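Enquirer: Below are the structure tokens for one structure; questions will follow.
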Amino acid sequence: MPLTGRDTATIDERRLRSRVLRLAAVVVCVIIVGRLGWLQLIRGEFYRNLSEDNYVQGFEVRAPRGLILDRHGEILADNRASLSVTLSRLKRRDDLSVSVLLSELLELDQALVAEKLEEAAGRFYGNVVLVPDATFEQIAKIEEHRSELPGVKVEVTAVRRYLYDSLATHGIGYVGEVNDAELASMGPLGYAARDVVGKTGAEQRYELVLRGRDGAEYWVCDAVGRELYPFEGGPSREVRPGHSLVLTLDLNAQRAAEEALSRHDGGSVVAIEPSTGEILVLASMPAPNPNEIVDGITTEEWDALTGSEGHPLLNRSIQATYPPGSPFKLITVGAGLETGLANHYEKVTCTGAHKYGIRTFRCWKREGHGVVDIMKGVVESCDVYFYQLGARLGVAQLMDWAERAGIGRRMGIDIAGEARGNVPTPSWYDRIYGARRWSRGVVLNLAIGQGELLVTPLQAACIVCGIVNDGPVHAPHILKRVETYSGRVIGTARTTTTYEIPFSRNTFSFIKEAMVNVVEASNGTGKLARVPGIEVAGKTGTAQNPHGEDHAWFVSYAPADDPQIVVAVLVEHGGGGGAIAAPIAGEVIRAYLGIELPEPVAVVHEEPAEESETGDSPDEFGVVTDESAEPEDGGADE
């Protein structure tokens, strides 16, 4: 049947509609494909990260700090496991209700909890510690309310532990949270607020060696922040433990030194291996317990520690300075021999005092030493002999030799805070008192190690090392080697020479012979330092202290024929060096060499004079002044 016009129009209309529908479908498909392409190709990374933020959490894995060991491998510092309450970032969380609940459960200030939650919200990975070293009761409360505390978790962290409490604190050091001043310089090295860093000692000096590298892990978490399974797409980083430090310290000798010092008000013991400069003992007492500082110390406790009269934070071995007393006579006699102003034949008569101008200088032995030659002068520590030798040398020449011996300079130890000491040269006196307004008599005090001459115990030990080595003084160091956490050696300390004492071989030979006689001869003042089976060499000293009882000194080395250890002992307010300091040196030597205790022996006690023949009392430098006379050259009365 032929189509009518009406039928043709209907067919054309349907075809048009079909074309329009097909075109619309194509347009819709193009739009959908274009949109999908834009979302995946152009904005894909953005939406992927946005999605992951909702269920993926990044966690920082702290690297354990490297171990610290003594020279024989005994662990001195390691890390203990500690449970901490931490906060992680979680967008779908009511921080206000969480802060209220946490403050109630843990008995914390709500403002502090809110501040910590805000800090956590700004971190993509890495948790914020809310309660370090949490108690079992606190942990139990968190676990009981886990469903109400999204993003709050209990983590196991490593906390520094010092196995022997205050033993060798000033050498090992301690750690604490980085402060703003430290962060300014350490920030570029990857440190952040609340990171733990070394504050003193080897912990501070070798911070970058001990620190290690933190790791990172990413986990898929549920709505309350619980980890479900590792997220493979995250940029995880493997944790690398810090390297271990093997120190030069000898645990047995260090313990012997500190036990001996603990019987007194305070002091220092420094022991060095003279052939290498390795520090065997670095004891300073009193000392704080670093575990108490690391575990958390209140402001009041810290103020009490820093304000203590005993100054436990002061490293007396390298930071405190004292008049060297009679050990300086080794430098005086060396200067006399080198300049020809002292010899082995000349003798002087000691009656217990020496008149110099208008002043009377007393010997520590009231009745005097009688006829004294150079050897007896050193062995019996006769002050009168050295008064006369010092007067010949003069201030300029004697202090020049003091500087050459190493006083007034840093020895170069590899921990911070070393003091220089003081060498009072003529220019120094001119600056302090005015040109030509000081008495020439100061040289008599200086010749016996008194007056304004100041040394650290480390300097005293290094000078004896130079005597033992016939000149060279090796840089003292506390690091022996560096090992990986698994024990592989990756670095060893080198022996370097800091300076040389410029005495001749004959002078060194005499000084060493005299030091042996100080301990081993019947008339020596250091007999309490004797050790059975070996010869010990030493020099006693009693340094006058204007603030109280005299300081006791003893410097020594052993065995005399093959020196393996040099020991310098300073006991604050100890009194006589021969009676107090010498036995401590003997204990340290025995502990280091593994020798049993000796039988008690008698001792010749060297001590400063207390009064003059006329009943006058000496001033702080042991000088008795004729008060009816005017001070020489109008200067200060020394």
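Just so we're aligned, residue 115 is where the sequence shown starts under my numbering, counting upward by one.
Virtual Cβ for every residue (Gly too), placed ideally from N, Cα, C.
All values reported here derive from a predicted model rather than from experimental measurement.
#1: Which two residues bound the contiguous alpha helix (DSSP H) that contains Leu-375?
#2: Which residues in the same chain as Thr-124 place their Cβ atom closer than 6 angstroms to its Cβ, once the five residues preceding and following it in sequence are excluded?
#3: Output the residue ranges of the beta strand (DSSP E) runs that lie fully inside the region 259-332 and measure 3 residues or longer, sorted by chain position.
#4: Hey, quick one: how far does the alpha helix (DSSP H) through Lys-490 stretch, first residue to last?
#5: Suppose you measure from the CA of Ile-529 to the CA of Gly-508; what does that come to, to the nearest Å?
#6: Using C-beta distances below 7 angstroms, list every residue in its chain close to Gly-504, excluding the 5 sequence neighbours before and after it, in chain order.
#7: Rank Asp-309, Gly-520, Phe-500 and Arg-554 by C-alpha distance to the C-alpha of Asp-294 and give the top, closest one.
#8: Starting from Gly-655, follow the beta strand (DSSP E) in both directions and report where the run begins and ends.
#9: Give the range of the beta strand (DSSP E) segment to which Lys-469 is assigned.
#10: Short of 7 angstroms in beta carbon distance, which residues of its chain neighbour Gly-424, apart from the five on each side in sequence? Order them along the chain.
#11: Is the beta carbon of Lys-461 closer than 8 angstroms to that of Val-485?
#12: Report the three-state DSSP secondary structure of Ala-682 (helix, strand or coil).
#13: Kindly give me the distance between the Cβ atoms of Val-699 and Val-683, rounded to whole angstroms, as I take these residues to be in contact under 8 angstroms.
#14: Quick one, are the C-beta atoms of Gly-326 and Gln-318 less than 8 angstroms apart?
#15: With DSSP run on the structure shown, which of helix, strand or coil describes Lys-461?
#16: If contact is defined by three or more beta carbon pairs under 8 angstroms, each pair taking one atom from either stretch, is the region 360-375 in contact with the region 657-666?
#17: Quick check on Met-399: does DSSP put it in helix, strand or coil?
#18: Quick one: using the 10 Å Cβ neighbour count with 16 as the cut-off for buried, is Glu-727 buried or exposed?
#19: For Ile-604, which of helix, strand or coil comes out of DSSP?
#20: By the 10 Å Cβ neighbour count, where 16 or more other Cβ atoms means buried, how is His-186 classified, buried or exposed?
#21: Can you name the residues that DSSP bridges to His-591?
#22: So, with DSSP's three-state summary, where would you put Trp-515?
#23: Nearest to Ser-440 by alpha carbon, out of His-665, Gln-678 and Glu-127?
#24: What separation, rounded to the nearest whole angstrom, lies between the Cα atoms of Gly-180 and Thr-413?
#25: Just to confirm, is the Cβ distance from Pro-677 to Pro-404 under 8 angstroms?
#26: Suppose the cutoff is 6 angstroms on Cβ atoms and the five residues either side in sequence are ignored; what does the same chain contact list for Pro-616 look like?
#27: Taking DSSP as the reference, what is the three-state secondary structure of Pro-246?
#28: Starting from Tyr-671, follow the alpha helix (DSSP H) in both directions and report where the run begins and ends.
#29: Quick check: Tyr-320 and Leu-572, are their CB atoms within less than 8 angstroms of each other?
#30: Reducing DSSP to helix, strand and coil, say where Leu-222 ends up.
#31: Where DSSP assigns a beta bridge to Gly-689, which residues make up the other side?
#32: With distances taken between CB atoms, is the gap from Ile-527 to Ile-432 smaller than 8 angstroms?
#33: Distance check for His-458 and Asp-487, CA to CA, integer angstroms please.
#34: From the DSSP output, which residues share a beta bridge with Leu-361?
#35: Grouping DSSP H, G and I as helix and E and B as strand, with all else coil, what is Ser-202?
Expert: Taking the definition as stated:
#1: In the DSSP assignment, Leu-375 falls within the alpha helix (DSSP H) that extends over 365-375.
#2: The beta carbon of Thr-124 is closer than 6 angstroms to none in its chain, skipping five residues each way along the sequence.
#3: Uninterrupted beta strand (DSSP E) stretches at least 3 residues long and entirely within the region 259-332 occur at 266-276, 289-291 and 310-312, given in chain order.
#4: Annotation: the continuous alpha helix (DSSP H) that includes Lys-490 extends over 488-493.
#5: The C-alpha of Ile-529 lies about 36 angstroms from the C-alpha of Gly-508.
#6: If the five residues before and after Gly-504 are omitted, its C-beta is found closer than 7 angstroms to the C-beta atoms of Thr-446, Leu-512, Val-557, Leu-558, Leu-560 and Ala-561, all from its own chain and listed in chain order.
#7: Comparing alpha-carbon positions, the option among Asp-309, Gly-520, Phe-500 and Arg-554 lying closest to Asp-294 turns out to be Asp-309.
#8: Gly-655 -> beta strand (DSSP E) spans 651-657.
#9: Lys-469 -> beta strand (DSSP E) spans 467-470.
#10: For Gly-424, where only same-chain residues beyond five positions count, the Cβ hits under 7 angstroms are Gly-380 and Pro-400.
#11: Taking 8 angstroms as the Cβ cut-off, Val-485 and Lys-461 qualify as a contacting pair.
#12: Reduced to three states, the DSSP call for Ala-682 is strand.
#13: Note on identity: in this sequence residue 699 is Ala, with Val being the wrong assignment. So it is a contact: roughly 5 angstroms between Cβ atoms.
#14: No.
#15: Three-state DSSP puts Lys-461 in coil, outside helix and strand.
#16: The region 657-666 is not in contact with the region 360-375.
#17: Strand, per DSSP.
#18: Interpretation of Glu-727 is limited by its pLDDT of 36, a score under 50 that renders its predicted location unreliable; the figure taken from the coordinates is listed afterwards. So Glu-727 ends up on the exposed side.
#19: Residue state, collapsed to three classes: strand.
#20: Label assigned to His-186: exposed.
#21: According to DSSP, which records beta bridges pairwise, His-591 is partnered with Glu-392.
#22: Of the three classes helix, strand and coil, the one that applies to Trp-515 here is helix, per DSSP.
#23: Taking only the C-alpha atoms, the option nearest Ser-440 is His-665.
#24: Distance from the CA of Gly-180 to the CA of Thr-413, rounded to the nearest whole angstrom, comes to 29 angstroms.
#25: Contact: no.
#26: Counting only Cβ-Cβ distances below 6 angstroms, and skipping sequence neighbours, we find Arg-518.
#27: DSSP places Pro-246 in the coil class of the three-state scheme, outside both helix and strand.
#28: In this chain, Tyr-671 is not harboured by any alpha helix (DSSP H); it is covered by the beta strand (DSSP E) spanning 665-672.
#29: In this structure, Leu-572 does not lie closer than 8 angstroms to Tyr-320 by Cβ.
#30: Here Leu-222 carries a coil assignment [DSSP, helix/strand/coil].
#31: In DSSP, Gly-689 forms no bridge with anything.
#32: A Cβ-Cβ contact shorter than 8 angstroms links Ile-527 with Ile-432.
#33: Rounded to the nearest angstrom, the two C-alpha atoms are 7 angstroms apart.
#34: According to DSSP, Leu-361 bridges with Leu-593.
#35: Look at Ser-202 here: in three-state DSSP terms it is coil, with no helix or strand label.
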